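Q: Below are the structure tokens for one structure; questions will follow.
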Ligand code: HEM
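In the numbering used here, the protein residues as written are 4 to 507.
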């Protein structure tokens, strides 16, 4: 197709569609992965489709991931792609609302808060929140009644894990004032704010609709609430809590300007929103996998007995060092993230024409492909997560693939060197080898997730505590993905049955 570029260049193939503006929106929107796989089969790893009037150029496979996520941030730009959706929710002075340089500094400050010292104190808090939840939620009544041991009850893992996720994140990272506020109207405000975080808001960030008004009202109230906490703590000189508010208070940019109270508040909101659905979805899918595979769950339990078994037959509380070492638990999380990564597509806006390397897509007869300025580029690590050329029995849930020596060889700590030559070490939990990797549940490169270690610890401790207390079974076939939500969720029916674990 000639597009007015120099003769030896051409645009990638465009996915066939009937209607110009609608393009492939319906197919992509209802089942993005089936759509992407079908297009990959037909057009190869690089192609363009039309999404509500926008041209989206997809680059698949490990090389495609590298093309998009390893691209220069000034050329493949995240702010242009995300800020309309995120700024009304997070605030207009953090993350994608500010120049990337400034956000990278904010990310570094956040990293300081995610320290080993804090994590050591968090493990016990996670366990405590889960135990308290099991002991108090009516849905777990057959667990609560000691005579009920042996009785099966049932719960929706999405609802339960979402509640446990917000309780555990607020108790630890967010701090005790936020945890206390959750028992009040704050939870409703969060739900309103969350209502503004849907795929629709990506395309229509501001419409005169009630849910946008609720989002904006909620943002203002939550923002004021956090700013108030920051101010009060500063006034009282309180900084002994190992939470993120304290870690951010007092951080100073390279320019010499300290982080403002509003920036601290808005980073806190961004962390809350970035971590909630991602960790909750991972935990919910993992519980479904445990329920589907009782033999594996038993092995997870035996792993705990091995690590934490006390002579009285009980399990003692785990430490941070132990929690991060549990091989089967880590394999469960890795495999869950391989098959059910919460973020299935990553977008950037293209600011300059970019040639596609021939190693990613062979040039057409008109010359090398070029992604034109104005397109969006899309990487989908999820597609490479189930690429049969990379993974044996790619669609099979097989946590042991992460434990055998070959699987382990694929693991390396990822480090990323920023533009100041500073090395950011993503540390434990990281599995991919930089931007060109088939396994990237936490993204890669400059925008890589800052919360990975926290998420591993939180999800791992929550799951370990649930397995310590409960046995699971799945009363229906394993649920399919619902892609209409921002983060793929298991379609109903998706109940998990549980009973109190009998200890010897
Ligand atoms: C970015 C995944 C948990 C904070 C990302 C990205 C992915 C991701 C794929 C890259 C997005 C892109 O390149 O456009 C996940 C998964 C999680 C998780 C799978 C849990 C299982 C968390 C948690 C936090 C967090 C718990 C906070 C404590 C962030 C932030 C970014 C990010 C701030 C933006 C980074 C940037 O654009 O530079 N996450 N995340 N995430 N994540 Fe996570």
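Think of the CB as a built atom: it goes at the ideal place given N, C-alpha and C, for glycine as much as any other residue.
Bear in mind the structure is a predicted one, so any value in this text is a computation, not a measurement.
(1) For residue 473, which beta-bridge partners are listed by DSSP?
(2) Is residue 223 close to the ligand HEM? I mean its beta-carbon at under 8 angstroms from any heavy atom of the ligand.
(3) DSSP on residue 67, reduced to helix/strand/coil?
(4) Ignore the nearest five residues each way along the sequence and tell me which others in residue 544's own chain have a CB closer than 7 angstroms to its CB.
(5) Roughly how many angstroms lie between the CA atoms of residue 58 and residue 349, to the nearest whole one?
(6) In whole angstroms, what separates the C-alpha of residue 510 from that of residue 358?
(7) Identify every run of the beta strand (DSSP E) within the region 96-183, keeping only runs that are complete inside it and at least 3 residues long; order them along the chain.
(8) If residue 229 and residue 164 are in contact, beta carbons under 8 angstroms, what's the gap, nearest whole angstrom?
(9) With a threshold of 8 angstroms (Cβ to nearest heavy atom), would residue 79 be considered close to the ligand HEM?
(10) Which one of 231, 282, 238 has the shortest CA to CA distance from residue 172?
(11) Per DSSP, which one or two residues make a beta bridge with residue 379?
(12) Quick one: what does DSSP say residue 335 is sitting in, helix, strand or coil?
(13) By DSSP's criteria, residue 12 is part of a beta bridge. Which residues make up the other side?
(14) Considering only C-alpha positions, which residue in the set 267, 255, 219 is nearest to residue 232?
(15) Can at least three beta-carbon pairs, one atom from the region 372-379 and one from the region 326-337, be found at a separation below 8 angstroms?
(16) Work out the CA separation of residue 402 and residue 79 for me, nearest whole Å.
(17) Distance check for residue 180 and residue 438, CA to CA, integer angstroms please.
(18) So what's residue 414 in DSSP terms, helix, strand or just coil?
(19) Rounded to the nearest angstrom, what separates residue 252 and residue 86 at their Cα positions?
(20) Considering only heavy atoms of the ligand HEM, does any lie closer than 8 angstroms to the CB of residue 110?
(21) How big is the Cα-Cα spacing for residue 535 and residue 308?
(22) State the Cα-Cα distance for the pair residue 291 and residue 468, rounded to the nearest angstrom.
(23) Between residue 1 and the ligand HEM, is the CB less than 8 angstroms from at least one heavy atom?
(24) Going by DSSP in three states, residue 4 sits in which element: helix, strand or coil?
(25) How would you label residue 451, buried or exposed, when you count the other beta carbons within 10 angstroms and need 16 or more for buried?
(26) Evaluate the contact criterion for the region 97-104 versus the region 288-306: three or more CB pairs, one atom per stretch, below 8 angstroms.
(27) If you follow the beta strand (DSSP E) that residue 54 is in, where does it begin and where does it stop?
(28) Count the other CB atoms within 10 Å of the CB of residue 19; is the residue buried (16 or more) or exposed (fewer)?
(29) Please report the distance separating the alpha-carbon of residue 2 from that of residue 198.
(30) DSSP has residue 79 in a bridge; who is on the other side?
(31) Excluding five sequence neighbours on each side, which residues of the same chain lie with their C-beta closer than 7 angstroms to the C-beta of residue 125?
(32) How about residue 498 and residue 83: do their beta carbons lie closer than 9 angstroms?
(33) Pull up the distance between the alpha-carbon of residue 262 and that of residue 26, whole angstroms please.
(34) Heavy atom of the ligand HEM less than 8 angstroms from the Cβ of residue 166, yes or no?
(35) Looking only at C-alpha atoms, which of 342, 81, 48 sits nearest to residue 104?
(36) Considering Cα atoms alone, identify which of 495, 342, 487 is closest to residue 32.
A: To lay it out plainly:
(1) 503
(2) no
(3) helix
(4) Residue 544 is absent from the structure shown; the chain starts at 4 and stops at 507.
(5) 15 angstroms
(6) This structure does not reach residue 510, given that the chain is present from 4 up to 507, and the question cannot be answered.
(7) 156-158
(8) Actually they do not touch by this definition, with Cβ atoms about 25 angstroms apart.
(9) no
(10) 282
(11) 59, 352
(12) helix
(13) 371
(14) 267
(15) no
(16) 34 angstroms
(17) 38 angstroms
(18) Caution applies to residue 414, whose pLDDT of 38 falls short of 50 and renders its modelled position unreliable; the model cannot decide the point.
(19) 24 angstroms
(20) yes
(21) Only positions 4 to 507 of the chain appear in the structure, and residue 535 is not among them; the question remains open.
(22) 15 angstroms
(23) For the chain, the structure presents residues 4 to 507; residue 1 sits outside this window and is missing.
(24) In this prediction, residue 4 has a pLDDT of 42, which is less than 50 and means its spatial position is unreliable; what the coordinates show is noted afterwards. Reduced to three states, the DSSP call for residue 4 is coil.
(25) buried
(26) no
(27) 49-54
(28) exposed
(29) Not covered by the structure: residue 2. The range shown for the chain is 4 to 507.
(30) 353
(31) 175, 460
(32) no
(33) 44 angstroms
(34) no
(35) 81
(36) 487
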